[in-house]
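Just below is one structure, and these are the notes that go with it.
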Amino acid sequence: MIQTKTRSKTILLGTAALLTGLAGSAMAQEGELVMINWLGGAQGEMMTKLQEGFEAKYPDVTVRNVIPQAGGDARGGIRAVLMGGEQADLLINTWPAFRAELIEAGLILPLNDSYASTDWGDKLGESWQALSTVNGENYGVTYTFGDRSGIWYRTDTMATAGITPPETYEDFISGFATLNDADITPISVPAKVWAHAEWFESLLLRTAGADYMTRLASGEASWTDDEVKVALQKWQEILAANCCDDGNTMLALDWDISVDAALKTGDAAYVLMGMWLNTRAKQEYGDTPGEDFDIFQFPAFGMGHDDESMVDAKEFNMLSSVENREAAEAFISYMLTADAAGIMAEYGLASPSTEVDPAIYDPVIQRSVDEVTSAKKLQFVLGDLLPGDLGSEYRVALQRFLQDPSNETIDTITAQLATVAEGAY
984 MIQTKTRSKT ILLGTAALLT GLAGSAMAQE GELVMINWLG GAQGEMMTKL QEGFEAKYPD
1044 VTVRNVIPQA GGDARGGIRA VLMGGEQADL LINTWPAFRA ELIEAGLILP LNDSYASTDW
1104 GDKLGESWQA LSTVNGENYG VTYTFGDRSG IWYRTDTMAT AGITPPETYE DFISGFATLN
1164 DADITPISVP AKVWAHAEWF ESLLLRTAGA DYMTRLASGE ASWTDDEVKV ALQKWQEILA
1224 ANCCDDGNTM LALDWDISVD AALKTGDAAY VLMGMWLNTR AKQEYGDTPG EDFDIFQFPA
1284 FGMGHDDESM VDAKEFNMLS SVENREAAEA FISYMLTADA AGIMAEYGLA SPSTEVDPAI
1344 YDPVIQRSVD EVTSAKKLQF VLGDLLPGDL GSEYRVALQR FLQDPSNETI DTITAQLATV
1404 AEGAY
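Just so you know, the sequence shown maps onto residues 984 to 1408 in the working numbering.
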């Protein structure tokens, strides 16, 4: 984690440039806009097209990307860039816990004044603004979001097994035997690094609800609560119904292997992950959304929380080292336009902007957008809300559960998580 509050040379220079800009002497929408951009693959290609679209509208601005060097979790590379003295104006961020770390270190700026002087607030509803607000100050602008309780499947896999997407938990469980009889693994759970947590989080949402998850993420609830144990017991039931590979096999699977098993080869029926899979299936498999593959929402449990949704989001943070605030604000404004949403839609991603006509989306994205916009409550992905050490321990604890999903393991891992959480807040 970034612990220091010491202002580096570049941060001091950026602050001076900010004050100059506020005094009115900076040139508007001109010069170089520097962005810390860690996106790769299809999303990296998408951001390149978005930057080109922005430069076409603002020909006096040139976008330069600073690309962090890090394997796996991009936050390590971002920390190295920030603490190494690199000047930048904007950061692409997707982790609320990392945002809190950056705020604590004084590395990003509040954006309340920018919201007041632009149309961002008109294009982003209160729920989206709330996701990036900390202690009354807004520190981010969401530019894309995804439904994180959508279960993905190939349509021909389901046809082979002769089953339809289940709506209830009971139907979901009962379909496993049929899938196994067709030599199809019902669920591929990639537990090598992080993606196995998706199942626990959706189970916790359905059984305990968004409000409880918020309290757990903030340290106001305990990992030894019955709510946590009930969600793990539901996962026990799913595992006991022969949903998955054995624990050691799951721990050897990275997310892309499980996704390929479900959406490419059809060796597995279901995978639970974010909406970037739409981009992968379209761009890398050449499949058609709604025809070759589709999603259904995490099954209903009838416990009072079936109308709540879990989401992830990517946002822009303005760095304290900003030297071209005018261009940075212009870029963020561009990202909330219908033109930018059209580019993102080509890559299977959705925009939260009210300026966007949902008709531009393919059937899978439309389904996910409808789910999120109609939800009674929204909950951000739990793992991305947890502080560093607790987040790491959380994923390891769930890996231990998959290797031995017993009541004794549940008691052991929840107690350990509670202990780590005591020192994390």
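Don't be surprised by glycine CBs; every beta carbon is placed ideally from N, CA and C.
Note that the coordinates shown come from a computational prediction; the quantities given were computed from them, not determined experimentally.
Quiz item: Would the beta-carbon of Arg1082 fall within 7 Å of that of Gly1249?
Solution: Walking along the sequence shown from the start, residue 1082 turns up at place 99. Walking along the sequence shown from the start, residue 1249 turns up at place 266. Not a contact, by the Cβ cut-off of 7 Å.
Self-check item: Through-space distance from Ile1170 to Phe1159, alpha-carbon basis
Solution: As a position in the sequence shown, residue 1159 is number 176, starting the count at 1. As a position in the sequence shown, residue 1170 is number 187, starting the count at 1. Roughly 9 Å between the two C-alpha positions.
Practice problem: Provide the residue(s) that pair with Ala1120 in DSSP beta bridges, ordered along the chain. | Solution: Position 137 of the sequence shown holds residue 1120. For the sequence presented, residue 1120 should be read as Glu rather than Ala. BP columns for Glu1120 point to Val1117.
Quiz item: By Cβ distance below 6 Å, which residues in the same chain neighbour Tyr1152 in space, the five residues on each side in sequence not counted?
Solution: As a working note, residue 1152 is residue 169 in the sequence shown. Hits under 6 Å: Pro1282, Phe1284.
Self-check item: Contact belief for Pro1173 with Trp1238 at Cβ below 8 Å, rounded distance in angstroms
Solution: The residue given as residue 1173 occupies position 190 in the sequence shown. The residue given as residue 1238 occupies position 255 in the sequence shown. Pro1173 to Trp1238, Cβ: 4 Å. Contact.
Practice problem: Apply the 10 Å Cβ neighbour rule to Glu1309 and answer buried if 16 or more other Cβ atoms are within range, or exposed otherwise. | Solution: In the sequence shown, residue 1309 corresponds to position 326, counting from 1. When all chains shown are included, Glu1309 counts as buried.
Exercise. Pick out whichever of Met1233, Phe1276, Thr1161 has its Cα sitting closest to the Cα of Ile1224.
Key: The count along the sequence shown starts at 1 and reaches residue 1224 at position 241. A quick correction: the sequence has Ala, not Ile, at residue 1224. Nearest C-alpha to Ala1224: Thr1161.
Quiz item: Straight-line CA distance for Phe1276 to Leu1246?
Solution: Your numbering for residue 1276 matches position 293 in the sequence shown. Your numbering for residue 1246 matches position 263 in the sequence shown. For Phe1276 and Leu1246, the distance between alpha carbons rounds to 7 Å.
Quiz prompt | Cβ-based burial, Met1010 [other Cβ within 10 Å; buried from 16] | solution = In the sequence shown, the residue the question calls residue 1010 occupies position 27. Any reading at Met1010 needs caution, since the residue's pLDDT is 45, under 50, leaving its predicted position unreliable; the model's value is listed next. Under this definition Met1010 is an exposed residue.
Quiz item: For Ser1110, which residues of its own chain have a beta-carbon under 7 Å away from its beta-carbon, when the five flanking residues on both sides are left out?
Solution: For the purposes of this step, residue 1110 is taken as the residue at position 127 of the sequence shown. The answer, listed in chain order, is Leu1361.
Quiz item: What are the complete alpha helix (DSSP H) segments, minimum 4 residues, inside the segment 1175–1251?
Solution: 1180–1191, 1193–1200, 1209–1223, 1230–1234, 1238–1243
Quiz item: Among Ala1178, Gly1014, Glu1028, which has the Cα closest to the Cα of Glu1267?
Solution: If you number the sequence shown from 1, residue 1267 lands on position 284. Selected option, being the one with the closest Cα: Glu1028.
Quiz item: Taking the Cβ atom as the reference point for each residue, do Thr1190 and Ala1214 lie within a distance shorter than 7 Å?
Solution: For the purposes of this step, residue 1190 is taken as residue 207 along the sequence shown, with counting starting at 1. For the purposes of this step, residue 1214 is taken as residue 231 along the sequence shown, with counting starting at 1. Yes, the pair counts as a contact, with Cβ atoms nearer than the cut-off.
Quiz item: Going straight from the alpha carbon of Gln1012 to that of Asn1095, what length do you get?
Solution: Mapped onto the sequence shown, residue 1012 falls at position 29. Mapped onto the sequence shown, residue 1095 falls at position 112. Using only the alpha carbons, I get a separation of about 20 Å.
Quiz prompt | Extent of the continuous alpha helix (DSSP H) run through Thr1392 | solution = The residue given as residue 1392 occupies position 409 in the sequence shown. Its alpha helix (DSSP H) spans residues 1390–1405.
Quiz item: How should Gly1406 be labelled, buried or exposed, when 16 other C-beta atoms within 10 angstroms of its C-beta is the threshold for buried?
Solution: For the purposes of this step, residue 1406 is taken as the residue at position 423 of the sequence shown. Exposed is the call here.
Quiz item: Excluding five sequence neighbours on each side, which residues of the same chain lie with their C-beta closer than 6 Å to the C-beta of Pro1148?
Solution: Here residue 1148 refers to the residue found at position 165 of the sequence shown. In the same chain as Pro1148, and ignoring 5 residues on each side of it, the C-beta atoms closer than 6 Å to its own belong to Phe1279, in chain order.
Quiz item: Considering only residues of the same chain and omitting the five flanking positions on each side of Val952, which have a CB-CB separation below 7 Å?
Solution: An answer regarding residue 952 cannot be provided, because it is not within the stretch 984 to 1408 covered by the chain.
Quiz prompt | Cβ distance (whole Å) where Ile1458 is taken to contact Gly1036 below 8 Å | solution = Past the edges of the chain, shown from 984 to 1408, lies residue 1458, and the structure says nothing about it.
Quiz item: By a C-beta neighbour count over all protein chains shown, 10 Å radius and 16 as the cutoff for buried, is Ile1167 buried or exposed?
Solution: Residue 1167 sits at position 184 when you count from the first residue of the sequence shown. It counts as buried.
Self-check item: For Val1347 and Gly1108, the rounded distance between their alpha carbons
Solution: As a working mapping, residue 1108 is identified with position 125 in the sequence shown. As a working mapping, residue 1347 is identified with position 364 in the sequence shown. Computed Cα separation, rounded: 23 Å.
Practice problem: State whether the segment 1045–1059 contacts the segment 1320–1337, with contact taken as three or more CB pairs (one from each stretch) at a distance under 8 Å. | Solution: no
Exercise. With DSSP as the reference, label Ser1157 as helix, strand or coil.
Key: One-based indexing of the sequence shown puts residue 1157 at position 174. Correct three-state label for Ser1157: helix.
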